[in-house]
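In our numbering, the protein residues as written are 20 to 382. Okay, so here's the structure we're looking at.
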Amino acid sequence: MVVYDTDPYNAEPSRAALDGHLLTPLDTFYSRNHGPVPTIDSDHWRLRIDGLVDHPLELTLDQLQTRYPTHSIIATLQCAGARRAALAAIQPIPNEAPWGPCATSTAQWTGVRLADILTDVGIHPRAEHVAFTAPDTSTIPNPPQTYGSSIPRTKATAPEVLLAWQMNNEPLPALHGGPVRIVVPGYIGARSVKWVTGITAQTEPSNNYFQAVAYRLLTANANPANAKPDNAKPDNTATTAGLSLTSVALNSDILQPDDGAQLQAGPTRVSGYAYAGDNRRIARVDISTDDGRTWRQAHLNDTDEPWAWSLWHTTIDLPIGPSTITVRAWDTTGATQPEDPAKLWNPKGYINNAWGRIAITAS
Ligand SMILES: Nc1nc2c(c(=O)[nH]1)N[C@H]1C(S)=C(S)[C@@H](COP(=O)(O)O)O[C@H]1N2
Ligand SMILES: [Mo]
Numbered sequence: 020m021v022v023y024d025t026d027p028y029n030a031e032p033s034r035a036a037l038d039g040h041l042l043t044p045l046d047t048f049y050s051r052n053h054g055p056v057p058t059i060d061s062d063h064w065r066l067r068i069d070g071l072v073d074h075p076l077e078l079t080l081d082q083l084q085t086r087y088p089t090h091s092i093i094a095t096l097q098c099a100g101a102r103r104a105a106l107a108a109i110q111p112i113p114n115e116a117p118w119g120p121c122a123t124s125t126a127q128w129t130g131v132r133l134a135d136i137l138t139d140v141g142i143h144p145r146a147e148h149v150a151f152t153a154p155d156t157s158t159i160p161n162p163p164q165t166y167g168s169s170i171p172r173t174k175a176t177a178p179e180v181l182l183a184w185q186m187n188n189e190p191l192p193a194l195h196g197g198p199v200r201i202v203v204p205g206y207i208g209a210r211s212v213k214w215v216t217g218i219t220a221q222t223e224p225s226n227n228y229f230q231a232v233a234y235r236l237l238t239a240n241a242n243p244a245n246a247k248p249d250n251a252k253p254d255n256t257a258t259t260a261g262l263s264l265t266s267v268a269l270n271s272d273i274l275q276p277d278d279g280a281q282l283q284a285g286p287t288r289v290s291g292y293a294y295a296g297d298n299r300r301i302a303r304v305d306i307s308t309d310d311g312r313t314w315r316q317a318h319l320n321d322t323d324e325p326w327a328w329s330l331w332h333t334t335i336d337l338p339i340g341p342s343t344i345t346v347r348a349w350d351t352t353g354a355t356q357p358e359d360p361a362k363l364w365n366p367k368g369y370i371n372n373a374w375g376r377i378a379i380t381a382s
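And the structure:
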């Protein structure tokens, strides 16, 4: 792992480690924490569901696991800060880790549908948002705050959103939110709250720092200190306070070869991932060896997992000397990735979805 911090623990796998598996092994899955990982005894864990509901409820783990049908889903998580390093190279981004292309991973998650719980407690029609709370305390906000976020009710009641206690058929590790975490497929990783202990149905988005202030896409000249919720714009319109991030943007990158690799000239396998986010799918992945003047299509691995990344590969004929390899993906709406990260620079370094590029040398 490439470790950015040990306390809180923040790390992403190498490109080679992430490459080639639809499901990322647990010891390879990226870790993004804003505070110390809490140790929660499953026997003492409780989940409280309250707010705008007919019957507030408190559940033990056993009740959660037996009261509702169990579902599994293969879903990719992607941090909004993934690929920030390429933005920080353009203009520094203080206080934020220079995440590379591997702050994204995929697992099979097993648990119950949030929708089933919300139906059970009788969520009120007025509740436009569903907020999550967790016990881990972060010293990033001043004063320190526990972690939390929210998602719109329309997403919260969609069948893909789970409260999961298993990851790749193993008990959910404490590092990834065990005993129970929220998994919001298609949304930025920040909304998949780990160690969840509270679910509240409410009229407004969460006022937790990690929903209201962080994870907002600001204009390039904005001061992140001024990021604040703008509840006057409940439709999530970008204002000077920034756009609150929800769905993941179309993105892709190269996992093999590694950036900077020294290789032998000749036929060379190139592979990586592409991910469309929310209810879009990857339609095509293009590779260029001439900085985007011409493109060839990569082969998409045959998987039919609507909430997972698409892995792709192709073989290029590598000439002697330095080369660059560029990737861009297209989604089912016909959208593709922007070319230039410089045009995407923003003060917190979120959502770099510019073309993926590596520079290699062959002899
Ligand atoms: N309670 C809690 N949940 C959290 C976080 C956190 O710091 N605390 N980090 C979020 C962010 S920003 C991301 S990208 C994902 C990362 O999940 P992982 O560490 O299992 O990869 O968890 C999210 N859920
Ligand atoms: Mo994240």
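Cβ atoms here follow ideal geometry from the backbone N, Cα and C, with glycine treated the same way. No experiment lies behind these values; they were computed from the predicted model shown.
In this chain, Leu264 is not harboured by any alpha helix (DSSP H), its DSSP state being neither H nor E. Taken in chain order, the complete beta strand (DSSP E) segments of 3 residues or longer contained in the segment 113–162 are 123–132, 148–157. The beta carbon of Val199 is closer than 8 Å to those of Trp64, Leu66, Leu80, Leu83, Gly130, Leu182, Ala183, Trp184, Leu191, Trp214, Val215 in its chain, skipping five residues each way along the sequence. Short note on Gly208: C-beta closer than 6 Å to some heavy atom of ligand 2. Annotation for Ala354: no beta strand (DSSP E) segment contains it, and DSSP assigns it neither H nor E. Judged by beta-carbon spacing, Ala295 lies beyond the 7 Å limit of Val304, meaning their Cβ atoms are not closer than that value. When rounded, the separation of the alpha-carbon atoms in Trp118 and Asn320 is 26 Å. With a cutoff of 6 Å, Arg235 does not count as near ligand 2, since its C-beta is closer than that to no heavy atom of the ligand. If one requires a minimum length of 3 residues, the beta strand (DSSP E) runs lying completely within the segment 270–323 are 270–275, 285–294, 301–307, in chain order. Rounded to the nearest angstrom, the gap between the Cα atoms of Trp331 and Ala373 is 18 Å.
Judged by their CB atoms, Lys367 and Pro243 are nearer to each other than the 7 Å cut-off. DSSP places Gln221 in the uninterrupted beta strand (DSSP E) bounded by 217–221. Using a Cβ-Cβ distance cut-off of 8 Å, the segment 306–318 and the segment 337–353 are in contact, since at least three pairs of beta carbons, one from each stretch, lie closer than that value.
According to the DSSP assignment, Arg86 belongs to no beta strand (DSSP E) but to the alpha helix (DSSP H) extending over 80–86. With a cutoff of 6 Å, Cys98 counts as near ligand 2, since its C-beta is closer than that to a heavy atom of the ligand. When distances are taken from the beta-carbon of Tyr228 to the heavy atoms of ligand 1, even the shortest one reaches 6 Å or more. For Asp336, the beta-bridge partners assigned by DSSP are Pro286. Set against 6 Å, the gap from the CB of Asp155 to the closest heavy atom of ligand 1 is smaller. The Cβ atoms of Ser266 and Gly205 lie closer than 7 Å to each other. The C-alpha of Ala94 is placed about 10 Å away from the C-alpha of Leu41. Of the heavy atoms belonging to ligand 2, at least one sits nearer than 6 Å to the Cβ of Arg51. Contact check for Arg300 against Ile306 fails: the beta carbons are separated by 7 Å or more. In the structure shown, Gly197 adopts coil according to DSSP, grouped into three states.
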